[in-house]
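Trainee: Below are the C-alpha cells for one structure; questions will follow.
In our numbering, the protein residues as written are 1306 to 1629.
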C-alpha cells in the first residue's frame, strides 16, 4: 500500500536562502509541492518568480506552478533586501531561468483553491512577508483555518531582530499582514531568526564540506548564491558563515521531530510604533501550569507554537541530503 504524499504549498520572496529551502522541499521524498506563490519582499515579485523558476529548473521540477502574488505590503512601501542578498536576490552570480512563464492564476486565488480542495491536509510554509497569506485570510478566513499546519519563517521571539533591534525582516516588512495572520486562528508554528544564528548557521568548515565534498551542482549553487548574504551576515553579527533561516523553517516543516524545544503562546505584532514596528511580542508567562491558565493576556487569545531550539546536527544533515 502506498503512503499518501504530504501536500505542501510554499509562499516565498525567493532570494538566496529561500532558494535553498525550495531545493529541500522539491527534492524531499514523501512531499508533493502543489504550488509556489511569490510575494514582494527580498526582491520584487517578478524577480522572486524568476528566482523560483530557476531553482525549480535546477531540481528538474518545472511541473510545479509558480504564481505571482502581492507586489507591495498591505499599507507600507515595499522594502527589498537586495543589500543583503544581491541585486537579483541570488548573490548576482548570473542566474536566469531558461524560460519564465508564471501561472496566470494570482497567488491568493491559488492559495485558496488549494486550501479548499485539500480536505484539511495542506501544509503551508511561508518564507517571506505574510501579505499573500493575510489577503487569503481576508478572502476566506474559515478555509485558511483548515490548513493542517502553517510553518512561518518570521519573527524574533527573543527580541533580537535582523532589520531593527526589535524586529525580524519578514514581519517588519508587512506588520499589518503578520498581525492578521497571527490573530487568524490558523495552526501556526513560528520559526524565528534566532534559529539561524550561532550553532544553526553554517560555519566555514561546513560550507567547505558542501562546496568541495558534496560538490554537486545544487551544492555549489546553494553556497554561491549565498555568498553576498554571508558577507552581509558577518557585517551584521560578526559571525563568519551562512545564515539560512528559510531552510531551517523548511527543515521544521519537513521533519517536526528535529525540534528540541517548543511551546505555545499568545503573540501580538506591533504595528503602531516606528521604534518597535514588526516586533513579535510573546506572552511567555501564558503557560498551563497545574491545570490553571496563567499569563498577561486573555486566555482566549490565539496561540502560536514557537520553536525555541533545534537539533542542529540533524537539521544540517537534512540540508546535506537535499544537496547531494
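Every residue, glycine too, gets a C-beta built ideally from N, C-alpha and C.
Less than 8 Å between the CB atoms is what I'm expecting for residue 1430 and residue 1519, so what's the real figure, rounded?
Mentor: With 8 Å as the limit, residue 1430 and residue 1519 do not qualify as a contact, their Cβ atoms being about 24 Å apart.
Trainee: Could you spell out where the alpha helix (DSSP H) holding residue 1626 opens and where it closes?
Mentor: 1617–1628 is the span of the alpha helix (DSSP H), which, as asked, contains residue 1626.
Trainee: Near residue 1517, what residues of its chain come up, given a Cβ to Cβ distance below 6 Å and the 5 sequence neighbours on each side ignored?
Mentor: Nothing meets the Cβ criterion.
Trainee: Assign residue 1380 to buried or exposed, taking buried as 16 or more other Cβ atoms, counted over all protein chains shown, within 10 Å of its Cβ.
Mentor: Exposed, since its Cβ has fewer than 16 Cβ neighbours within 10 Å.
Trainee: Short check: CB of residue 1523 to CB of residue 1329, under 8 Å?
Mentor: No; because the gap between Cβ atoms is not below 8 Å, this pair is not in contact.
Trainee: According to DSSP, residue 1573 sits in a beta bridge with which residue or residues?
Mentor: For residue 1573, which the question treats as bridged, DSSP gives the partners 1586.
Trainee: Whole-angstrom Cβ separation of residue 1515 and residue 1395, contact assumed at under 8 Å?
Mentor: Contact doesn't hold; Cβ gap of about 16 Å is too wide.
Trainee: Give me, in chain order, the residues of the same chain whose beta-carbon lies closer than 7 Å to that of residue 1454; leave out the 5 immediate sequence neighbours on both sides.
Mentor: Excluding residues within five positions, the ones whose Cβ falls inside 7 Å are 1428, 1492 and 1494.
Trainee: Roughly how many whole angstroms lie between the Cα atoms of residue 1510 and residue 1620?
Mentor: Straight-line Cα distance between these residues: approximately 16 Å.
Trainee: Can you give me the C-alpha to C-alpha distance between residue 1400 and residue 1321, rounded to a whole angstrom?
Mentor: The straight-line gap from Cα to Cα measures roughly 11 Å.
Trainee: With a Cβ-Cβ cutoff of 8 Å, do residue 1527 and residue 1325 count as a contact?
Mentor: Cβ distance < 8 Å, so residue 1527 and residue 1325 count as in contact.
Trainee: Take every Cβ of the stretch 1367–1379, pair it with every Cβ of the stretch 1410–1420, and state whether three or more of those distances are shorter than 8 Å.
Mentor: They touch, by the three-pair rule.
Trainee: Which residue marks the beginning of the alpha helix (DSSP H) containing residue 1455, and which one marks its end?
Mentor: Here residue 1455 belongs to no alpha helix (DSSP H); instead the beta strand (DSSP E) covers 1454–1458.
Trainee: Can you tell which of 1530, 1383 and 1333 has the C-alpha that lies nearest to the C-alpha of residue 1349?
Mentor: Ranking 1530, 1383 and 1333 by Cα distance to residue 1349 puts 1383 first.
Trainee: Would you tell me roughly how many angstroms separate the C-alpha atoms of residue 1616 and residue 1502, rounded to the nearest one?
Mentor: Approximately 14 Å, taken between the alpha carbons.
Trainee: Could you tell me the alpha carbon to alpha carbon distance between residue 1563 and residue 1570, rounded to whole angstroms?
Mentor: Each residue's Cα considered, the two are about 20 Å apart.
Trainee: Using a C-beta cutoff of 8 Å, does residue 1365 count as contacting chain D?
Mentor: No chain D appears in the structure shown, which is made up of a single protein chain.
Trainee: Quick one: using the 10 Å Cβ neighbour count with 16 as the cut-off for buried, is residue 1309 buried or exposed?
Mentor: That one is exposed.
Trainee: Express the C-alpha separation of residue 1587 and residue 1565 in angstroms, rounding to a whole number.
Mentor: Answer to the nearest angstrom: the Cα atoms are 19 Å apart.
Trainee: Just the Cα atoms here: how many angstroms apart are residue 1319 and residue 1367?
Mentor: Rounded to whole angstroms, residue 1319 to residue 1367 spans 16 Å at the Cα level.
Trainee: Quick one: what's got a C-beta closer than 8 Å to residue 1443's C-beta in the same chain, skipping five residues either side?
Mentor: Same-chain partners within the cutoff: 1485.
Trainee: Considering only the beta carbon of each residue, do residue 1333 and residue 1559 sit closer than 8 Å?
Mentor: The answer is yes: Cβ separation under 8 Å.
Trainee: Looking at C-alpha atoms only, which residue of 1576, 1589, 1614 and 1556 is the closest neighbour of residue 1336?
Mentor: Of the candidates 1576, 1589, 1614 and 1556, the one whose C-alpha sits nearest the C-alpha of residue 1336 is 1556.
Trainee: Residues in its own chain within less than 6 Å of residue 1548 by CB, not counting five upstream and five downstream?
Mentor: The residues are 1501, 1506 and 1538.
Trainee: Taking the C-alpha atoms as reference points, what is the distance between residue 1573 and residue 1551?
Mentor: Going from the Cα of residue 1573 to the Cα of residue 1551 covers about 22 Å.
Trainee: Assuming residue 1567 and residue 1611 make a contact with CB atoms under 8 Å, what is their CB distance in whole Å?
Mentor: With a Cβ gap of about 6 Å, residue 1567 and residue 1611 count as contacting.
Trainee: Using a threshold of 8 Å, state whether the C-beta atoms of residue 1344 and residue 1437 are closer than that.
Mentor: Going by C-beta atoms, residue 1344 is nearer than 8 Å to residue 1437.
Trainee: Give me the Cα-Cα distance between residue 1483 and residue 1580, rounded to the nearest whole angstrom.
Mentor: Rounded to the nearest angstrom, the two C-alpha atoms are 17 Å apart.
Trainee: Going by DSSP, which residues form a beta bridge with residue 1640?
Mentor: No answer is possible for residue 1640: the residues shown for the chain start at 1306 and end at 1629.
Trainee: Is the CB-CB distance between residue 1542 and residue 1432 below 8 Å?
Mentor: Their beta carbons are not under 8 Å apart, which means residue 1542 does not touch residue 1432 by this criterion.
Trainee: Once DSSP output is grouped into helix, strand and coil, what is the label at residue 1424?
Mentor: Looking at residue 1424 - three-state DSSP - the assignment turns out to be coil, as it is neither helix nor strand.
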